[in-house]
Amino acid sequence: MLRSFVAWLDSYISQRGVSAVLGGLVGLMAFAGLLGTVFGSQMIRAGGFIVVALLIVVGVLLVLADRRRLQRENNTNRNLLAIYCKFIVDHRPEPLVLVNEWNQTVFVQRNGDVREKLTIKAVALRKETHFIRFYAGSEWEQPEKIRDKVRVKARIMKKSGKAGPYCTVTKSWSSSRQMVMLVHLHTPVEMGAEIRLEINRVWPKKCQPLLYGEPDVFYFYSGKVLQIDRVKYRVVFPRNINVTYDSIGFRDDRSTGSYITSKKDDDGRRVVTLHIAHLPTHARYGMRLSIKQPAKMSHGLLYRD
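For the sequence shown, position 190 (counting from the first letter as 1) is numbered 190 according to my numbering, and the numbering increases by one without interruption.
The structure is reproduced here in structure tokens:
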């Protein structure tokens, strides 16, 4: 009986919302008070309030426990989906897609939070492409409470530049430093057809160690499954922050088409941009960034001398 009540309460909350449940409980308390007034008994009134209060506590605790169980099951299912998709993708000889243009901007906030916008133009290289797999990582261990707060949205972009419908995105973590994102396309894309996507991601505290003085690495890898050709990758810092940089995996030379630039935008923010004219297969190109004057912590806030 208790299990049936919890299932009903969970379903009711999902359909009507928490406010409806709270309204019903307030109504029960008012009814208990009315009975006490009609019969002139403080015992009835107090007893009714106690029973309703106990129902509230027990119901909330049971629903929370059940929702934690559902969250664990959801995480397990997402991890299994990532494993199955990895098996399907990796056990085929041909690559999945070729990304002709990878254009990404990373906005670093003063508290270390990161907001990213990525647009890609790709070509399907298999008979049918149902999804595209992306990896995103950090140089530091990401606590579970931070991993749970990472948000990803993806949508189809039309050739005209207008935004199309959102895609389903499933994310899982292969380790505490690496996230796997599967962007599921609405319909299978045939070989040779173009795929345009816009991906927006919010990652709390991802660059916090960078602001405290630890160097951070931003790099790309063109593998067997996801091949990447041209890259333009910007990292935008808050105002009054100066950055040093170094190349990884290539010689920083504008004449080769692969180089790094650093300048201020119209708002006075430092923007470091990685330009890659062609990323060879199985090559890892990137840049190492470091803050010239690291931030310090005072009562949970960042400040500079």
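Each residue gets a CB set at the ideal place from its N, CA and C atoms; glycine is no exception. Note that the structure is predicted; figures quoted are calculated from it, not measured.
{"Asked": "Should F87 be labelled buried (16 or more other beta-carbon atoms within 10 Å of its own) or exposed?", "Found": "No answer about F87 holds up, because its pLDDT of 47 lies below 50 and its placement is not dependable."}
{"Asked": "Do you know offhand how far K158's Cα is from E198's?", "Found": "10 Å"}
{"Asked": "How do the segment 219-237 and the segment 276-287 stand: do at least 3 beta-carbon pairs fall below 8 Å, yes or no?", "Found": "yes"}
{"Asked": "Going by beta carbon distance, what residues of the same chain come within less than 6 Å of V235, once the five residues before and after it are set aside?", "Found": "V106, V272"}
{"Asked": "Can the beta-carbon of G286 be found closer than 8 Å to that of C207?", "Found": "no"}
{"Asked": "What is the residue span of the beta strand (DSSP E) that P238 lies within?", "Found": "226-239"}
{"Asked": "Here's a check: name, in chain order, each residue in its chain whose Cβ is nearer than 6 Å to the Cβ of P204, leaving out the five neighbours to either side.", "Found": "D113, I146, K149"}
{"Asked": "At the level of alpha carbons, what is the spacing between D267 and F237?", "Found": "11 Å"}
{"Asked": "Excluding the five sequence neighbours on either side, which residues of its own chain have a C-beta within less than 8 Å of the C-beta of D253, listed in chain order?", "Found": "Y259"}
{"Asked": "By a C-beta neighbour count over all protein chains shown, 10 Å radius and 16 as the cutoff for buried, is M191 buried or exposed?", "Found": "exposed"}
{"Asked": "Return yes when the Cβ of S262 is within less than 8 Å of the Cβ of R269, no when it is not.", "Found": "no"}
{"Asked": "Please report the residue range of the alpha helix (DSSP H) in which K145 lies.", "Found": "144-147"}
{"Asked": "Where does the unbroken alpha helix (DSSP H) through L210 begin, and where does it stop?", "Found": "208-211"}
{"Asked": "Which class does S247 belong to by DSSP, given the choice of helix, strand or coil?", "Found": "strand"}
{"Asked": "Give the DSSP-derived three-state secondary structure of I281 in the structure shown.", "Found": "A quick correction: the sequence has Thr, not Ile, at residue 281. Three-state DSSP puts T281 in coil, outside helix and strand."}
{"Asked": "When DSSP labels each residue in this structure, what does R254 get in the three-state scheme?", "Found": "helix"}
{"Asked": "Beta strand (DSSP E) containing A136: first to last residue?", "Found": "128-137"}
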